[in-house]
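Scroll down for the structure; my scribbles are underneath it.
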Amino acid sequence: MVVITISGTPGSGKSTVAKILEKKLGLKYVYSGMIFRQLAKEYKMNLEKFGKYCEQNSEIDKKLDSRQKEILEKGDVILEGRLAGWIAYKNDIPSLKVAIDTDLETRARRIVNREKGSIKLRKKEIIERERSEELRYKNYYKINLKDKSIYDIIIDSKDKTPEEIADIIINDIN
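So for the sequence shown, our numbering puts the first residue at 41; every next one is plus one.
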(Lines of atoms letter the chains of each structure in order from A; the text may use other names.)
(Lines give C-alpha, C1' and ligand atoms only; values in the text may rest on other atoms or scores of the structure.)
Protein backbone atom coordinates (compact mmCIF):
# COMPACT_ATOMS: atom_id res chain seq x y z
CA MET A 41 0.00 0.00 0.00
CA VAL A 42 1.46 3.35 -1.09
CA VAL A 43 0.39 6.57 0.60
CA ILE A 44 1.97 9.88 -0.38
CA THR A 45 1.05 13.21 1.16
CA ILE A 46 2.07 16.41 -0.57
CA SER A 47 1.85 19.62 1.40
CA GLY A 48 2.99 23.12 0.60
CA THR A 49 2.15 26.76 0.27
CA PRO A 50 -0.12 28.29 -2.42
CA GLY A 51 1.75 28.43 -5.73
CA SER A 52 4.54 26.10 -4.62
CA GLY A 53 3.79 23.58 -7.38
CA LYS A 54 2.32 20.84 -5.21
CA SER A 55 -0.75 20.27 -7.41
CA THR A 56 1.29 19.99 -10.59
CA VAL A 57 3.68 17.51 -8.96
CA ALA A 58 0.79 15.46 -7.54
CA LYS A 59 -0.80 15.18 -11.00
CA ILE A 60 2.50 13.98 -12.50
CA LEU A 61 2.84 11.38 -9.73
CA GLU A 62 -0.73 10.25 -10.35
CA LYS A 63 0.14 9.49 -13.97
CA LYS A 64 3.56 7.96 -13.32
CA LEU A 65 2.52 5.80 -10.35
CA GLY A 66 -1.09 5.03 -11.26
CA LEU A 67 -2.31 6.10 -7.84
CA LYS A 68 -5.55 7.90 -7.05
CA TYR A 69 -5.04 11.65 -6.59
CA VAL A 70 -7.15 13.57 -4.07
CA TYR A 71 -6.90 17.32 -3.64
CA SER A 72 -8.15 18.62 -0.29
CA GLY A 73 -8.36 22.19 -1.58
CA MET A 74 -11.10 21.12 -3.96
CA ILE A 75 -13.23 20.02 -1.00
CA PHE A 76 -12.53 23.35 0.71
CA ARG A 77 -13.44 25.31 -2.45
CA GLN A 78 -16.67 23.31 -2.85
CA LEU A 79 -17.64 24.12 0.72
CA ALA A 80 -16.86 27.83 0.14
CA LYS A 81 -19.23 27.80 -2.86
CA GLU A 82 -21.91 26.01 -0.84
CA TYR A 83 -21.59 28.74 1.78
CA LYS A 84 -21.63 31.36 -1.03
CA MET A 85 -18.29 32.90 0.03
CA ASN A 86 -15.01 33.60 -1.73
CA LEU A 87 -11.94 31.80 -0.36
CA GLU A 88 -10.77 34.76 1.73
CA LYS A 89 -14.16 35.21 3.45
CA PHE A 90 -14.59 31.47 3.86
CA GLY A 91 -11.13 31.20 5.45
CA LYS A 92 -12.14 33.87 7.97
CA TYR A 93 -15.43 32.05 8.57
CA CYS A 94 -13.49 28.86 9.24
CA GLU A 95 -11.38 30.68 11.85
CA GLN A 96 -14.57 30.96 13.93
CA ASN A 97 -16.32 27.72 12.88
CA SER A 98 -14.29 24.55 13.36
CA GLU A 99 -16.97 22.25 11.91
CA ILE A 100 -15.53 22.83 8.42
CA ASP A 101 -12.09 21.63 9.49
CA LYS A 102 -13.66 18.60 11.20
CA LYS A 103 -15.40 17.66 7.94
CA LEU A 104 -12.20 18.06 5.93
CA ASP A 105 -10.12 16.09 8.45
CA SER A 106 -12.50 13.18 8.62
CA ARG A 107 -12.63 12.83 4.84
CA GLN A 108 -8.86 13.09 4.47
CA LYS A 109 -8.20 10.54 7.22
CA GLU A 110 -10.55 8.04 5.55
CA ILE A 111 -8.83 8.57 2.20
CA LEU A 112 -5.38 8.00 3.73
CA GLU A 113 -6.49 4.87 5.56
CA LYS A 114 -7.75 3.31 2.32
CA GLY A 115 -4.25 3.67 0.86
CA ASP A 116 -2.86 3.68 -2.67
CA VAL A 117 -3.39 7.42 -2.85
CA ILE A 118 -1.68 10.76 -3.28
CA LEU A 119 -3.33 13.23 -0.91
CA GLU A 120 -2.41 16.81 -1.62
CA GLY A 121 -3.26 19.51 0.87
CA ARG A 122 -1.81 21.99 3.29
CA LEU A 123 -2.38 19.62 6.24
CA ALA A 124 -2.16 16.26 4.43
CA GLY A 125 1.19 15.37 6.02
CA TRP A 126 0.03 16.47 9.45
CA ILE A 127 -3.16 14.40 9.22
CA ALA A 128 -1.11 11.30 8.34
CA TYR A 129 1.37 12.10 11.13
CA LYS A 130 -1.19 12.77 13.86
CA ASN A 131 -3.16 9.62 12.96
CA ASP A 132 -0.07 7.37 12.69
CA ILE A 133 -0.85 6.52 9.06
CA PRO A 134 2.28 5.19 7.34
CA SER A 135 3.07 7.48 4.41
CA LEU A 136 5.75 9.34 2.52
CA LYS A 137 5.24 12.92 3.66
CA VAL A 138 6.48 15.53 1.17
CA ALA A 139 6.65 19.30 1.67
CA ILE A 140 7.09 21.57 -1.36
CA ASP A 141 7.73 25.29 -0.98
CA THR A 142 9.49 28.28 -2.51
CA ASP A 143 9.70 32.04 -2.11
CA LEU A 144 6.69 34.41 -2.23
CA GLU A 145 7.69 36.10 -5.52
CA THR A 146 7.92 32.78 -7.38
CA ARG A 147 4.60 31.57 -5.95
CA ALA A 148 2.81 34.83 -6.85
CA ARG A 149 4.20 34.68 -10.41
CA ARG A 150 2.97 31.10 -10.83
CA ILE A 151 -0.51 32.01 -9.60
CA VAL A 152 -0.64 35.00 -11.99
CA ASN A 153 0.34 32.70 -14.87
CA ARG A 154 -2.44 30.29 -13.89
CA GLU A 155 -5.23 32.65 -12.79
CA LYS A 156 -4.21 36.10 -14.14
CA GLY A 157 -4.18 39.27 -12.02
CA SER A 158 -1.16 41.22 -10.82
CA ILE A 159 1.81 39.92 -8.84
CA LYS A 160 1.18 42.61 -6.20
CA LEU A 161 -2.45 41.47 -5.78
CA ARG A 162 -1.52 37.78 -5.71
CA LYS A 163 1.18 38.41 -3.07
CA LYS A 164 -1.40 40.20 -0.92
CA GLU A 165 -3.87 37.31 -1.33
CA ILE A 166 -1.21 34.70 -0.54
CA ILE A 167 -0.12 36.55 2.59
CA GLU A 168 -3.73 36.92 3.79
CA ARG A 169 -4.55 33.27 3.05
CA GLU A 170 -1.43 32.06 4.84
CA ARG A 171 -2.17 34.30 7.84
CA SER A 172 -5.70 32.90 8.02
CA GLU A 173 -4.54 29.29 7.68
CA GLU A 174 -1.71 29.69 10.20
CA LEU A 175 -4.14 31.13 12.75
CA ARG A 176 -6.73 28.39 12.18
CA TYR A 177 -4.22 25.56 12.30
CA LYS A 178 -2.46 26.94 15.38
CA ASN A 179 -5.71 27.43 17.29
CA TYR A 180 -7.56 24.31 16.15
CA TYR A 181 -4.77 21.76 15.71
CA LYS A 182 -1.91 23.24 17.74
CA ILE A 183 0.15 22.97 14.53
CA ASN A 184 2.86 25.40 13.47
CA LEU A 185 2.84 25.27 9.66
CA LYS A 186 6.46 26.45 9.60
CA ASP A 187 7.50 23.25 11.45
CA LYS A 188 8.73 20.91 8.72
CA SER A 189 10.12 18.24 11.08
CA ILE A 190 7.37 15.71 10.28
CA TYR A 191 8.20 15.56 6.57
CA ASP A 192 10.31 12.85 4.96
CA ILE A 193 11.23 15.05 1.98
CA ILE A 194 11.37 18.86 1.84
CA ILE A 195 11.81 20.39 -1.62
CA ASP A 196 12.35 24.00 -2.72
CA SER A 197 10.62 24.14 -6.10
CA LYS A 198 12.13 27.43 -7.30
CA ASP A 199 14.84 25.94 -9.52
CA LYS A 200 13.31 22.53 -10.22
CA THR A 201 10.75 21.49 -12.80
CA PRO A 202 7.66 19.62 -11.60
CA GLU A 203 9.02 16.52 -13.40
CA GLU A 204 12.32 16.75 -11.49
CA ILE A 205 10.43 17.01 -8.20
CA ALA A 206 8.24 14.02 -9.11
CA ASP A 207 11.37 12.01 -9.92
CA ILE A 208 12.90 12.88 -6.52
CA ILE A 209 9.75 11.55 -4.83
CA ILE A 210 9.62 8.41 -6.98
CA ASN A 211 13.29 7.69 -6.27
CA ASP A 212 12.56 7.91 -2.55
CA ILE A 213 9.71 5.39 -2.90
CA ASN A 214 11.93 2.98 -4.83
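For each residue, glycine too, the CB sits at the ideal point set by N, CA and C.
Measuring straight from C-alpha to C-alpha, what distance separates residue i and residue j?
| i | j | result |
| --- | --- | --- |
| I159 | T201 | 21 Å |
| K137 | E62 | 15 Å |
| I111 | K59 | 17 Å |
| E82 | K163 | 26 Å |
| F76 | A128 | 18 Å |
| K156 | N184 | 30 Å |
| K102 | L79 | 12 Å |
| W126 | I190 | 7 Å |
| P134 | D143 | 29 Å |
| D132 | V70 | 19 Å |
| R122 | K182 | 15 Å |
| K84 | Y93 | 11 Å |
Per DSSP, residue i forms a beta bridge with which residues?
| i | result |
| --- | --- |
| S119 | It should be pointed out that residue 119 corresponds to Leu in this sequence rather than to Ser. BP columns for L119 point to T45, V70. |
Assuming residue i and residue j form a contact by the criterion Cβ under 8 Å, report the distance between their Cβ atoms to the nearest whole angstrom.
| i | j | result |
| --- | --- | --- |
| E145 | G91 | Rounded, the Cβ-Cβ distance is 22 Å, inconsistent with contact. |
| S47 | A124 | 5 Å |
| E170 | T49 | 7 Å |
| I151 | G51 | 5 Å |
| I205 | G53 | 7 Å |
| D212 | I193 | 6 Å |
In terms of alpha-carbon separation, which member of the options lies closest to residue i?
| i | options | result |
| --- | --- | --- |
| D199 | I140, L61, M41 | I140 |
| N179 | M74, N153, V70, E95 | E95 |
| I68 | R107, D116, R150, Q78 | Before going further, note that residue 68 is Lys rather than Ile in the sequence given. The option with the nearest alpha carbon to K68 is D116. |
| L87 | Q108, I205, E168 | E168 |
| I44 | D187, E120, D143 | E120 |
| K109 | R176, A148, K130 | K130 |
With a floor of 4 residues, list each alpha helix (DSSP H) that falls wholly inside the region 103 to 155, ordered by position along the chain.
124 to 130, 144 to 155
In chain order, what are the residue ranges of uninterrupted alpha helix (DSSP H) at least 4 long that sit wholly in the region 159 to 211?
159 to 181
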